[in-house]
DNA sequence: GGCCCGCGTTTGACCGGTCAAACGACCGGG
DNA sequence: CCCGGTCGTTTGACCGGTCAAACGCGGGCC
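Protein chains in written order, with our numbering: chain A, 221 to 588; chain B, 221 to 588.
Right, dumping it as structure tokens:
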């Protein structure tokens, strides 16, 4: 009804060209290859662009160049009650990193496993995205092979775990094994001689990696690993709780329990409390991902923080590297030491996998 | 090096047309307006499409139609330690809903407040998105006015709170006031005569809405509201804890405390415990958002679940309704009753705002 | 039999950029 | 003086769809 309800067409490159009294291509060059223009012309064109507030049409550019300027990210359908604020902040970091180079993240959903590949295929066929960032990778993840066979560009957050020599694609990952072996070292230094592990069944690469770090460090220190680990089927506090009870019911129960996630760790702490013991005093407990839970519970939960911003930046770099050149990048995590297992960095011996820093955040978090 | 490293061009509409021995437009019609084709031709074209696995190029279509098929969603930069898994699952639901109609969600980041509007403006100028879904809306959110002035389509998750009569745009929201007033009713029925509220300072619409529901229900029942509420500045457990101590230190302390979020509620439970009282027995506690925290803590935290899938579906519907027709939809939340405040639906009187169902999920969550 | 109508199909133009080749001006060298 | 080369700019074609108008055809009606 008001006069502004008349839809004003967007400014096009030709209008800018007309105003600056140059050809279309000159305007295009002013944006994409300014060095080709004579300084005077460039200034003239830039002025016209600013005056008209011109912004190139993304669809037109995509059509012409053949690249959409978008990368696809599949939001996994998580079970209710699964607190993965890590993925939340990773998405933010990824989005921010993409923006810095003029690209964006396109979200989509797909069923896990091979059946979800149709969604990926469709987006590529429509040329809606240039590449994918994969997360929640599994061992021998079908997506990796599938994509490399079709020359679809991707970066995996999580190793591609090749059976053979050649990697099917680039990946970034966090050194969960190193973090877990450092945790074992820290607990060992605190005098723990039996360290349990609450893991996850299934094929998730990260889960297997962390368990390996725990196992190898225990073996190295001569600590028992047989009957010291449990694999949960689900991702809830209740699962972690039952797993901890199972461990603590055994003949020589562990005096420290490392959990694959903060949610599991919370279940472990509950189990310990139910048995009349005190987490952090009678039984040490550690988690993973440093979710808000970790800082919130009493006692504070020692956890492992993943460097989301670095992961995102690395993923972007790998995506932009020339196709065919696959590369894997392993980033160190950081152990956030709290009262549930007060790791002392000074007592750590040389790492077997890689170095993982340890910090004590308590002062800041409980302050104003 | 292998032969598949030869980039095969994507199938185009013209190739399909050639194969089916029809014109380009006929293929286009087969996809967009099949009813216009004679059944025989349609079958022929569809066969060609299937044979070649043709999928229309998204950029080309966008360029032609002028709509990108994408809606923008700004992922807010949350403070570390803020567990909003609600937003996580909302994004999943939104993405799934969009896909069902062939559209997608494009993520971006922007600083909060008016300074972030440049990002919105840029995406529209580039015609990268058709519309926006806004979340974390504030009272008199600058984005609403700004967008309606520019005829930018949007739906707000959170009321637009107009000062005048006309709404600047469509919105979906969850009836937080009704949920909170129902919580008050439930607590009143349990015998609580002084009910405190831990809220949030600032202009967040949802925070003000919930506080209003608490306040009005208390006034209606003749319960005190003066010196019964605290507004926290930050979103952490520590803030909630301090707020609870402040309430419990007062001359006539509350016997029940409602918190704006699960994180605050956890802080409240800690404060109660520190004072030697038992949450759920000596002091009732409720949270909001039904995050994994709520089911994880001991005792289980009574919380309020927002219907994310319905919110997403409604947002999509409002986006597709003709422009100019603004509409607001208020959806009921669900109270998830646990041991921290065992609300009994049978004892609730008639609601003052709207009806909010109450469920007891404990059996499922602690089971296998 | 001629006319009009509607249906199914085709044609040319267009969306708004980019690419590659052509163009003119200027400069230095033979 | 003419030629070759470089630089800055322009031109036409093209990316892969959709839109609107034009077209051919058969049927019903007068």
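Heads up, the beta-carbon is just placed ideally off N, CA and C, and yes, glycines get one too.
When rounded, the separation of the alpha-carbon atoms in residue 502/B and residue 308/A is 36 Å. Rounded to the nearest whole angstrom, the CA to CA distance from residue 233/A to residue 254/B is 36 Å. Scanning its chain for C-beta atoms nearer than 7 Å, with the 5 sequence neighbours on each side dropped, one finds around residue 426/B the residues 378 and 396, in chain order. For a Cβ distance threshold of 7 Å, residue set 279 of chain B lies close to residue 282/A, ordered along the chain. Residues of chain A whose Cβ lies closer than 8 Å to the Cβ of residue 324/B are, in chain order, 326, 327, 328 and 348. Note on residue 507/B: 16 or more other CB atoms within 10 angstroms of its CB, so buried under the neighbour-count rule. Secondary structure remark: continuous beta strand (DSSP E) runs of at least 3 residues inside the region 440 to 517 of chain B, in chain order: 449 to 452, 476 to 479 and 504 to 506.
Straight-line spacing of the CA atoms in residue 533/B and residue 446/A works out to 50 Å. Rounded to the nearest whole angstrom, the C-alpha separation of residue 436/B and residue 575/B is 15 Å. Residues of chain B whose Cβ lies closer than 7 Å to the Cβ of residue 267/A do not exist, since the nearest Cβ in that chain is about 18 Å away. In terms of Cβ geometry, residue 399/B and residue 555/B form a close pair [threshold 8 Å]. Against residue 297/B, the close residues of chain A are 312, in the order they occur along the chain (beta-carbon pairs closer than 8 Å).
Rounded to the nearest angstrom, the gap between the Cα atoms of residue 291/A and residue 323/A is 8 Å. Straight through space, the alpha carbons of residue 268/B and residue 368/B are spaced by roughly 45 Å. Counting other Cβ atoms within 10 Å of its Cβ, residue 525/B reaches 16 or more and is therefore classed as buried. Taking the Cα positions, residue 258/B is about 14 Å away from residue 252/B.
Of the candidates 375/A, 381/A, 310/A and 448/A, 310/A places its Cα closest to the Cα of residue 509/A. Ranking 229/B, 462/B, 473/B and 481/B by CA distance to the CA of residue 347/A puts 229/B first. Between residue 557/B and residue 579/B the beta-carbon gap is near 7 Å, inside 8 Å, which marks them as a contact. Residues of chain A with a Cβ closer than 9 Å to the Cβ of residue 232/B do not exist; the shortest Cβ-Cβ separation is about 11 Å. Cβ atoms of residue 412/A and residue 389/A stay farther apart than 8 Å, at about 39 Å. Exclusion of the five residues before and after residue 352/A leaves 292 and 374 as the residues of its chain whose Cβ lies within less than 6 Å of its Cβ. Within the region 540 to 565 of chain B, the residues whose Cβ lies closer than 8 Å to some Cβ of chain A are 544, listed in chain order. Here residue 540/A is exposed. Its C-beta has fewer than 16 other C-beta atoms within 10 Å. Each of 362/B, 277/B, 393/B and 271/B was checked against the Cα of residue 530/B, and the nearest Cα belongs to 393/B. For residue 344/B and residue 243/A, the gap between their C-alpha atoms comes out near 25 Å. Straight through space, the alpha carbons of residue 277/B and residue 329/A are spaced by roughly 20 Å. Residue state for residue 265/B is assigned as helix, using DSSP reduced to three classes. Residue 500/A has its alpha-carbon roughly 5 Å from the corresponding atom of residue 561/A. Counting along the chain, the unbroken beta strand (DSSP E) around residue 292/B starts and ends at 290 to 294. Around the beta-carbon of residue 421/B, fewer than 16 other beta-carbon atoms lie within 10 Å, marking it exposed. Just so you know, the alpha carbons of residue 273/A and residue 235/A end up roughly 11 Å apart. Put simply, the CB of residue 342/A is near chain B, with a gap under 8 Å to one of its CB atoms. In this structure, the beta-carbon distance from residue 491/A to residue 468/A falls below 8 Å. For residue 536/B, same chain residues with a beta-carbon under 6 Å away, outside a window of 5 residues either side, are 317 in chain order.
Going by DSSP, residue 373/A is part of the beta strand (DSSP E) stretching over 373 to 377.
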